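A.B. asks:
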Amino acid sequence: MGPLAQPTPTAGSTALDRTTAGAPSSRLEMTGISVAFGGVTALSDVSLVVEPGQVHGLIGPNGAGKTTLFNVACGIVRPTAGSMTWRGKPLRRLRPHQLAGLGISRTLQGVGLFPGMTVLENVMIGAHRHARAGFASALLALPRSDRDERELRARATAALADLDAEGFAGRYPGGLPYPVQKRVALARALVAEPELLLLDEPASGLGEDEMHELGELIRRLSGRMSVLLVEHHMDLVMRVCDRITVLDSGKQISAGTPAEVQADPAVTEAYLGDDVEVPAAGEPSATDGGRHRG
Ligand SMILES: Nc1ncnc2c1ncn2[C@@H]1O[C@H](COP(=O)(O)OP(=O)(O)OP(=O)(O)O)[C@@H](O)[C@H]1O
Ligand SMILES: [Mg+2]
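Positions 557 to 850 (the numbering used here) are the ones given, in order, by the sequence shown.
#1: With E787 and E757 assumed to form a contact (beta carbons below 8 Å), what rounded beta-carbon distance in angstroms separates them?
#2: Just tell me which of T623, D718, N678, I800 has its CA closest to the CA of G730.
#3: At a threshold of 6 Å, does V817 count as lining ligand 1 (C-beta to nearest heavy atom)?
#4: Closer than 6 Å to a non-hydrogen atom of ligand 2 - does that hold for the CB of K867?
#5: Of all the options I615, S581, L584, which has the alpha carbon lying nearest to the alpha carbon of K807?
#6: Have a look at R799, P617, E766, A759 and flag the residue whose alpha-carbon is nearest the alpha-carbon of S778.
#7: Kindly give me the distance between the Cβ atoms of G588 and S639, rounded to whole angstroms, as I take these residues to be in contact under 8 Å.
#8: Measuring alpha carbon to alpha carbon, tell me which residue in G763, S805, A811 is nearest D791.
#9: Helix, strand or coil, according to DSSP, for H848 in the structure here?
#10: Please classify P702: is it buried, with 16 or more other beta-carbons within 10 angstroms of its beta-carbon, or exposed?
#11: Please report the distance separating the alpha-carbon of Y728 from that of V747.
#12: Regarding A598 and ligand 1, is the C-beta to nearest heavy atom distance less than 6 Å?
#13: Going by C-alpha distance, which of G672, M767, V793, L752 is nearest S582?
#14: For E722, which residues from the same chain have a beta carbon less than 7 Å from its beta carbon, with the 5 sequence-adjacent residues on both sides left out?
#15: Could you name the residues of the same chain whose beta carbon sits closer than 8 Å to that of T801, not counting the 5 residues immediately before and after it, in chain order?
#16: Taking its Cβ as the centre, do 16 or more other Cβ atoms sit within 10 Å of F626, making it buried, or is it exposed?
#17: Less than 7 Å between the beta carbons of T624 and V591, yes or no?
#18: From L785, A741, L655, F724, pick the residue whose C-alpha is nearest to that of R643; which is it?
#19: Ends of the beta strand (DSSP E) at P612?
#20: Going by DSSP in three states, L599 sits in which element: helix, strand or coil?
#21: Return the CA-CA distance between P853 and M794, expressed in angstroms with no decimal places.
#22: Which one or two residues does DSSP pair with S778 in a beta bridge?
#23: Give me the Cα-Cα distance between G726 and V740, rounded to the nearest whole angstrom.
#24: CB-CB under 7 Å to T641, same chain, minus the five flanking residues each way: which ones, in chain order?
#25: So, helix, strand or coil for G731, using DSSP?
#26: Does the distance between the C-beta of N678 and the nearest non-hydrogen atom of ligand 1 fall short of 6 Å?
#27: Using the Cα positions of R776 and E766, report the straight-line distance between them to the nearest angstrom.
#28: Could you pull out every residue in the same chain whose Cβ sits closer than 8 Å to the Cβ of L676, ignoring the five residues on either side in sequence?
So, in structure tokens, the structure goes:
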């Protein structure tokens, strides 16, 4: 829905895709995923589909298994059972370093920036999918050519500018406020122009205004890519997601549109005793730590 021109459908693509996402097949399907850590069952027979160009929320109380499922999608955790397909092809033995080549980017719970590199260098690393020089030389700041280097810099600077963070390009992440670090981590994920963006708690540590901006950004991005969003802040989740999967104790207890999930008694029950309140449909919740209103 952005100003970007719609690509002309190529031969062989279907007309079924009604979204504006780049590739019609950029669909992530996770089926019957189970994960056990030693004796602990972290996930049990969980299935979800992230449709092209949609924002899919993954919610649930602490310890529900959200990050574990996210890590399965990233190739960090190998499921004990179940299967995944991406772009219509089975994803077997997925390794984290293969993600960029598959059009998948992620931000992890926390920020995970390299402290010894500037903000710009951190973001440049995320662009390696587009740079012929590749990851290793980007890491060592030894691009194959000046042109590669210039291109990489330009892309990284543009990604930072998109997130209003270009003013921090030369700084080291450690000295920056946490919300700025989160934006840099997001710029690093976006600079590769992924078709699927995996976000684990992107709003943690953000104030009300920053969270609102993040919501707008995620909505804007969904025109260009699919998003899997793990998040505790219900306002944000309910506002930006097209569909939501709810986990509790490793099991899927509900799934549907935000309105359907909010109306599901199983969800309310799962959150009883949790400090996160599920807002009534259509009502914003005041539980998002928004103490700095206005
Ligand atoms: N590497 C691991 N080894 C052993 N147990 C683990 C490991 N990772 C997660 N678990 C367990 O698996 C379960 C699910 O954890 P997970 O981190 O996926 O939950 P979560 O929904 O992301 O929680 P939170 O909201 O706190 O981030 C928990 O019981 C957790 O203790
Ligand atoms: Mg988690």
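Using N, Cα and C, we set each Cβ at its ideal position, and we do this for glycine too.
Just so we're clear, the structure is a prediction, and the values are computed from it rather than from any experiment.
C.D. replies: Reading off the structure:
#1: Your numbering for residue 787 matches position 231 in the sequence shown. Your numbering for residue 757 matches position 201 in the sequence shown. Contact annotation, E787 with E757: C-beta distance approximately 6 Å; criterion of less than 8 Å satisfied.
#2: For the purposes of this step, residue 730 is taken as the residue at position 174 of the sequence shown. Among T623, D718, N678, I800, the Cα nearest to that of G730 belongs to N678.
#3: As a first step, residue 817 must be located in the sequence shown, where it is residue number 261. Incorrect: V817 has no Cβ contact closer than 6 Å to ligand 1.
#4: With the chain covering 557 to 850 only, the question about residue 867 has no answer from this structure.
#5: By one-based count along the sequence shown, residue 807 stands at place 251. Closest by alpha carbon: I615.
#6: On the sequence shown, residue 778 is found 222 positions in, with the first residue counted as 1. Looking only at R799, P617, E766, A759, the smallest Cα-Cα distance to S778 is reached by R799.
#7: For the purposes of this step, residue 588 is taken as the residue at position 32 of the sequence shown. For the purposes of this step, residue 639 is taken as the residue at position 83 of the sequence shown. Rounded to whole angstroms, the Cβ separation of G588 and S639 is 7 Å, and the two are in contact under 8 Å.
#8: The residue you call residue 791 lines up with position 235 of the sequence shown. The residue from G763, S805, A811 with its alpha-carbon nearest to that of D791 is G763.
#9: Locating residue 848 in the sequence shown gives position 292, counting from the first residue. Unreliable placement is indicated for H848, whose pLDDT of 34 sits below 50; the coordinate value is still reported in the next sentence. Of the three classes helix, strand and coil, the one that applies to H848 here is coil, per DSSP.
#10: Locating residue 702 in the sequence shown gives position 146, counting from the first residue. With the sequence shown as reference, residue 702 is identified as Asp, and Pro is not the correct amino acid for it. Its Cβ having fewer than 16 others within 10 Å, D702 is exposed.
#11: If you number the sequence shown from 1, residue 728 lands on position 172. If you number the sequence shown from 1, residue 747 lands on position 191. In this structure, the straight-line span from the alpha carbon of Y728 to that of V747 is close to 19 Å.
#12: Position 42 of the sequence shown holds residue 598. Ligand 1 approaches A598 closely enough that one of its heavy atoms is under 6 Å from the residue's Cβ.
#13: Stepping through the sequence shown from its first residue, residue 582 is reached at position 26. Selected option, being the one with the closest Cα: L752.
#14: Position 166 of the sequence shown, counting from 1, holds the residue named residue 722. Excluding positions up to five away in sequence, the list reads T713, L716.
#15: Taking the sequence shown and counting its residues from 1, the one referred to as residue 801 is at position 245. The residues are V602, L604, H612, G613, L614, I615, Q808, S810, A811.
#16: As a working mapping, residue 626 is identified with position 70 in the sequence shown. By the neighbour-count rule (16 or more Cβ atoms within 10 Å), F626 is buried.
#17: Taking the first residue of the sequence shown as position 1, residue 624 is located at position 68. Taking the first residue of the sequence shown as position 1, residue 591 is located at position 35. Contact flag set, yes.
#18: Position 87 of the sequence shown holds residue 643. For the residues L785, A741, L655, F724, the minimum Cα distance to R643 belongs to L655.
#19: Position 56 of the sequence shown, counted from the start, is the residue given in the question as residue 612. For the sequence presented, residue 612 should be read as His rather than Pro. For H612, the uninterrupted beta strand (DSSP E) segment begins and ends at 611-615.
#20: As a first step, residue 599 is located in the sequence shown; it is residue number 43 there, counting from the start. Strand.
#21: Within the shown structure, residues of the chain are numbered from 557 to 850, placing residue 853 beyond reach of any answer.
#22: Translated into positions along the sequence shown, residue 778 becomes position 222. Per DSSP, none; premise fails for S778.
#23: In the sequence shown, residue 726 corresponds to position 170, counting from 1. In the sequence shown, residue 740 corresponds to position 184, counting from 1. Roughly 12 Å separates the two Cα atoms.
#24: For this step, residue 641 is matched to residue 85 along the sequence shown. Only residues of its own chain outside the window of five on either side were considered, and among them E585, L647 have a CB closer than 7 Å to the CB of T641, listed in chain order.
#25: Your numbering for residue 731 matches position 175 in the sequence shown. DSSP places G731 in the helix class (H, G or I) of the three-state scheme.
#26: The residue you call residue 678 lines up with position 122 of the sequence shown. Checking every heavy atom of ligand 1 against the Cβ of N678, none is found closer than 6 Å.
#27: Within the sequence shown, numbered from 1, the residue matching residue 776 stands at position 220. Within the sequence shown, numbered from 1, the residue matching residue 766 stands at position 210. Roughly 15 Å between the two C-alpha positions.
#28: Taking the sequence shown and counting its residues from 1, one reaches residue 676 at position 120. Excluding the 5 residues flanking it on each side, L676 has same chain C-beta neighbours closer than 8 Å at R709, A712, T713, L716, A725, G726, in chain order.
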